[in-house]
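Protein chains in written order, with the working numbering: chain A, 2 to 368; chain B, 2 to 368; chain C, 2 to 368; chain D, 2 to 368.
Backbone N, C-alpha and C fix where the C-beta goes; we use that ideal spot for every residue, glycine too.
Since the model is a prediction, treat every value here as computed from it, not as a measurement.
Since the structure comes first, as structure tokens, the remarks are kept for the end.
Protein chains: 4
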Amino acid sequence: MVKIKNKKRRIAILTGGGDCPGINAVIRAVTKKAILKRNMEVIGVLDGYEGLIHNRYRTLSFDDVSGILTLGGTILGTTNKANPFHYAIKKGDEIKFSDCSAVVLSNIEALKIECLVCVGGDGTLWISNRLHQLGVPIVGVPKTIDNDVRGTDITFGFDTAVSIATEGIDRIHTTAQSHHRIMMVEVMGRKAGWIALHAGIAGGGDVILIPEMPYQIDRIADYISQRRKTGRLFSIIVVAEGVMPMGGEAVVQKIVPDSAEQLRLGGISLVLGAKLEKLMELETRAVVLGHLQRGGTSTPFDRILATRLGSKAIDLIEEKKFGQMVSVKGNYLAAYPLEEVAKGPRLATADHEMIKAARAIGVCFGS
Amino acid sequence: MVKIKNKKRRIAILTGGGDCPGINAVIRAVTKKAILKRNMEVIGVLDGYEGLIHNRYRTLSFDDVSGILTLGGTILGTTNKANPFHYAIKKGDEIKFSDCSAVVLSNIEALKIECLVCVGGDGTLWISNRLHQLGVPIVGVPKTIDNDVRGTDITFGFDTAVSIATEGIDRIHTTAQSHHRIMMVEVMGRKAGWIALHAGIAGGGDVILIPEMPYQIDRIADYISQRRKTGRLFSIIVVAEGVMPMGGEAVVQKIVPDSAEQLRLGGISLVLGAKLEKLMELETRAVVLGHLQRGGTSTPFDRILATRLGSKAIDLIEEKKFGQMVSVKGNYLAAYPLEEVAKGPRLATADHEMIKAARAIGVCFGS
Amino acid sequence: MVKIKNKKRRIAILTGGGDCPGINAVIRAVTKKAILKRNMEVIGVLDGYEGLIHNRYRTLSFDDVSGILTLGGTILGTTNKANPFHYAIKKGDEIKFSDCSAVVLSNIEALKIECLVCVGGDGTLWISNRLHQLGVPIVGVPKTIDNDVRGTDITFGFDTAVSIATEGIDRIHTTAQSHHRIMMVEVMGRKAGWIALHAGIAGGGDVILIPEMPYQIDRIADYISQRRKTGRLFSIIVVAEGVMPMGGEAVVQKIVPDSAEQLRLGGISLVLGAKLEKLMELETRAVVLGHLQRGGTSTPFDRILATRLGSKAIDLIEEKKFGQMVSVKGNYLAAYPLEEVAKGPRLATADHEMIKAARAIGVCFGS
Amino acid sequence: MVKIKNKKRRIAILTGGGDCPGINAVIRAVTKKAILKRNMEVIGVLDGYEGLIHNRYRTLSFDDVSGILTLGGTILGTTNKANPFHYAIKKGDEIKFSDCSAVVLSNIEALKIECLVCVGGDGTLWISNRLHQLGVPIVGVPKTIDNDVRGTDITFGFDTAVSIATEGIDRIHTTAQSHHRIMMVEVMGRKAGWIALHAGIAGGGDVILIPEMPYQIDRIADYISQRRKTGRLFSIIVVAEGVMPMGGEAVVQKIVPDSAEQLRLGGISLVLGAKLEKLMELETRAVVLGHLQRGGTSTPFDRILATRLGSKAIDLIEEKKFGQMVSVKGNYLAAYPLEEVAKGPRLATADHEMIKAARAIGVCFGS
């Protein structure tokens, strides 16, 4: 438990949602700057909002955050299940949901903090916004490997995820080439295709499929046939996990009858692969990168971005800009209202410059 | 087509089976040494035995193999489907198998080569042995990421596969820790658990499951519970794709009724994860590394090993040691009869020094 | 030599100055888009302006640029010595400089191109601007690992250089810690300290020295002493090659009399290390990363950026925006006059947000 | 200070000499196995023999060594200056050396340990042997990135050093190629050329120079000229830091008069580069990898090797095989007398299989 001395300035920080490379760099920057420049105490909330519900904290000293810059994950722990407004409680075999935001508010009250820094993605920041509306002074820090938080050019964790995905595509390339196969690499992205788009371009993918642009399987098959006619006997398809054929799940069912189970188990790339294999009489193989994309040490890019955002969060506190999220605009940092963030993810559109650039060098988007 | 001039010494080289990091380093060493030291012509057979059936070759010059040392895959192409003694021919929707070894023998005859260098694993070398018994002068070079070729301490490709698998485990570690989860990393190895054993130790896996040692799920669950009691809330399980519970597939069926389909689609780690999640009421996640482990550039270790083996192959040809495979014995290279290689893979035993070393620092093997 | 057919649209591309990760991605994007979307011929000029002086070219086909995305260096060759306006010609032991721009203009004339795409940094783009003023239709693409081209938020190559430098610092960290040493890592940057600043933050450097901010050795010594008093027995100093003490070279001479030779041979970190070792009676070691920072495959970030810039270059040609450089502004691409670029490098200032962020978490800048 | 309870079995471990990737994996394996399997207490001696002279220790618990597997350096600290038989003591500006082995013996006595595990290279193990001869029960673990410890096939740290050096050569390759330069990469190895030999082969170096084979500059120049005549306009020279021209330092002085200073400051590659540049009128550049090669996380290969050696050390203690070093013989581990180890390093000979293999594919060794 955290001993609370009354006189000193005090803030708290929590990390919510899926883990993401760079979180520890944010915790380090927030804590170091708070201690060095503002003479604040910093309280770390454990396991996201779970810690606020059950009063689980630790104090963070300068030494606690030394040496964590390169460490993956979050030293505070996290969960993507603890929503104070819809909290699951298990009774026997039954699960009931209840609103325990009042508990959270009273626990925060007891902490006597100037501000709660919430590091999280869509879900976490949506909750942050609700808590802010209920009176909690909150500053948000956007965190997601998906890069789809509204109001910021880029989020930390994304560059690392793209790097890992690209390395995967690089490796798959030589196998595809040696075996004259169609290889599919499935990357994260349920709603937003940013990872697939970036890693697809960086890895020289031939086909890139993103959730924002439903694909037509015939277009993909035609494209691959064309490639084969010009002597390119292999193709690399980069698929975001959330892609759907034009027409949606009904079409999936139609092209591969047992697909529901397959979708659940192995990802959409299995459905797509099975169908292509049948259509084209070509060998296909799929690799689902999954959790590889979110763990481990972060790229230098993400470490720097996370450090800058953490530093900026302390500035917003000083300026009492609560209910705001630190955000990136070009080479500068800014504040952006959590209320706006809560309106939903930032998605790609079919006329995005990068999609046009990719098309111009011959990439197929399946539509 | 390859023009055949009659006076010059001539050898051919083929690469068969799954692709494997380091193959190009073998091709490069064989070709460079043959040209520089023996004044030989080198003929590259395309797509493994397929090329011998259909007379598809290219000559390999010094320049052709310059700069391929770091390249993944094989510049000659490969397939794991063309067995001359059991060759699939498609007629309409039907597939018939036939023995076309006579065609292969006559094609080899026509090439007028001193020796055929066969770079391959279990399957490829089994065929090499048969061809040698039918009179073809053959030297084998062991190639498999699985490290399970009989008669050699180690095979190239293995170090790269272990490195990639270990990097995967390293990344998964921080997610497991941050979310207090059980994370499973499934690596290649249908019969042999060498990749799982090595990557499991290198990545600090808590549980390592290999095909050679059927696991008991209760042992794993007990072990994880013990860990949790001492404050270690997460566990990493490294699983070879070919593992089975004690009792075999029948037990799989029993513990997860629909598992047949799951096994086919997503790998054994799904079955195991589902069962553990139910048994222990803990979150589990699985990552199947799959083809990531066999593509891309090779580690320096594998480049060196492949170069040395390729160089040694030329020596065996000079010494007319046909029907032999180049092999590693400690710091030295040797010849080993293909006849012995054909007897089956090299597997781990429960009293292997590495398994004992791993147990001694607390690793659980599920048995 | 390049055969010139008269009817087709035609452009040329050259790469000048030091090599830089991502150049081949630009060449690939320019060539693929020119061929696929504009039905242009693309001529590659060899070895920068040297090729224009001596008429050395190759045509670039779609196939020529397939598979070069991940390749370091430039397939066209480069040099940082061929300035057409001040070209060195050797006669015996003597070197004479002459203006051979007329030759270049006439050679370009003969090529019958719509536009010359010049991929280069400070020096190359300065020459491009002069050639444009003399009537050559030119589009520039900024290229430098130093990130100091005026008019663009970022240049490709920089992310790769920062990544390599950061990996170096990461490695040095454990040695510094184990031996309780002061370790210096010297990175590129003669005028601009961007690599040192970014890699210093990403690698958790304790001291960061950049050319824009002359250092005072006493400040550094004081800072290290303070660290030691709080139990931090080691320190990492990240130094840009172009740093100078306050007072300039005269001070260098004073603190280490023989330093002129040392500066030339081993870099400023030797001078600084020798002085600190004497001042503080502590072991110091220096690593000069040098050419490691500019070679090899590029990061995914740089591959994407280079691809986008190459694609945009074709758009500028279509819009006849000659005398312009493609540039990055936040998430968008734009055109920026070469005339402005020629005014000199983009440098950091002492109040830059990143410097303030670094100071806030305790980094010392030696001033 | 370490509290000493009398009843329990107890061992100590120290790490001496330069840091080396994998040391922490040894400490972890020794400690975990000692605690889990032998119910021993483990005492960590700080900063090598320095800790034994000044009684500086810490106890190592199971938790202390959890999570250090991937950590570079040594958690116990190290120094390459504390030789108990020749210990430097500073009085004013003067340094005096004295034999303080009696102090060390009495301090070890007081620790009441069964065995002292010494992890070190040449120097550290030489001291271990002397201490053993004076009655201290010692087990040695070979540790050096140079791979030159007598009596073992390989040492941990070497694979990591070779990997880093190879990555450096890979990066340098593209610069050499783009600029048509001679690039030199200087790697560690004062007496033994193993790193240069392995990294040179793995990185496709054209010239490899090792201390065991004095080079003749004319041979190198001839070789590079030959390459240029066949269109290979660049060359990569991999140089061990300890190489000398045939004829020794006198020749260095002769070819580059001011070389003494250069050798001290920038490494032999500067001398060699200056000479070649003059001889051949070609641009040369050198990169000195230096401390990059010994820091940071270790390769999976080294983590496994270090774990196995640490585990084996406990076995030797159990078998009371004191005065022995754990060693690698092919796929097995063995014991080897420290007395033999002390006889000097393991060097390459001109007829080593790897040197012959490298020559056979065209590598020049300068002799």
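Residue j beta carbon less than 8 Å from that of residue i
i        : j        : result
C/Thr80  : C/Asp48  : yes
A/Leu317 : A/Ile183 : no
D/Gly296 : D/Gly73  : yes
D/Gly243 : D/Gly190 : yes
B/Val142 : B/Ala26  : no
B/Gly158 : B/Pro301 : no
D/Arg309 : B/Ala358 : yes
C/Asp20  : D/Ser179 : yes
A/Leu348 : A/Ala200 : no
Contacts that residue i makes with chain C (C-beta to C-beta distance below 8 Å)
i       : result
A/Arg10 : Result: empty, since nearest Cβ-Cβ is about 16 Å, beyond 8 Å.
A/Thr60 : Those within 8 Å of A/Thr60 in chain C number zero; the least Cβ separation is about 18 Å.
Residues that residue i contacts on chain C, provided the C-beta gap is smaller than 9 Å
i        : result
A/Asp223 : Under the 9 Å cutoff, chain C gives no residues; its nearest Cβ is about 16 Å from A/Asp223.
Chain-order list of residues whose beta-carbon lies under 6 Å from that of residue i (same chain, five-residue window excluded)
i       : result
D/Gly18 : Asn81, Gly121, Gly122, Gly124 and Thr125
A/Thr16 : Ile24, Thr75, Leu77, Thr79 and Val120
With 16 other Cβ atoms within 10 Å as the buried cut-off, status of residue i
i        : result
B/Met185 : buried
A/Thr231 : exposed
C/Lys33  : buried
D/Gln294 : buried
C/Met2   : In this prediction, C/Met2 scores a pLDDT of 47, lower than 50, which makes its location untrustworthy; the coordinate-derived value is nonetheless stated afterwards. Exposed: under 16 other Cβ atoms inside 10 Å.
B/Gln325 : buried
Reduced DSSP secondary structure (H/G/I, E/B, other) of residue i
i        : result
C/Ala349 : coil
D/Pro301 : helix
C/Arg233 : coil
A/Tyr173 : According to the sequence as given, residue 173 of chain A is Ile; it is not Tyr. Three-state result, A/Ile173: helix.
D/Phe159 : helix
A/Met281 : helix
D/Arg151 : coil
B/Thr16  : strand
B/Thr60  : strand
D/Val244 : coil
C/Arg286 : strand
Cβ shell of residue i (< 8 Å), same chain only, five flanking positions each side left out
i        : result
A/Thr175 : none
D/Glu319 : Arg39
A/Lys321 : Pro138
D/Arg360 : Phe366
Same chain, Cβ closer than 7 Å to residue i, neighbours up to 5 away in sequence not counted
i        : result
B/Ala351 : Met214
D/Ala222 : Leu277, Leu280 and Met281
A/Thr156 : Pro143, Lys144, Thr145, Asn148 and Val150
Chain A residues whose Cβ lies nearer than 9 Å to that of residue i
i        : result
C/Arg309 : Ile202, Glu354, Met355 and Ala358
Beta-carbon neighbours of residue i, restricted to chain G and to distances below 8 Å
i        : result
D/Ile362 : The structure shown has no chain G; the protein chains it does contain are A, B, C and D.
Listed by chain order, chain A residues near residue i by CB distance under 7 Å
i        : result
B/Val288 : Gly291, His292 and Leu293
Where residue i meets chain D, residues with beta-carbon distance less than 8 Å
i        : result
C/Gly169 : Leu293
Neighbour list for residue i in chain B, Cβ cutoff strictly below 7 Å
i       : result
A/His87 : Those within 7 Å of A/His87 in chain B number zero; the least Cβ separation is about 18 Å.
Per-residue contacts from residue i into chain C (C-beta, under 7 Å)
i        : result
D/Gln178 : Gly74
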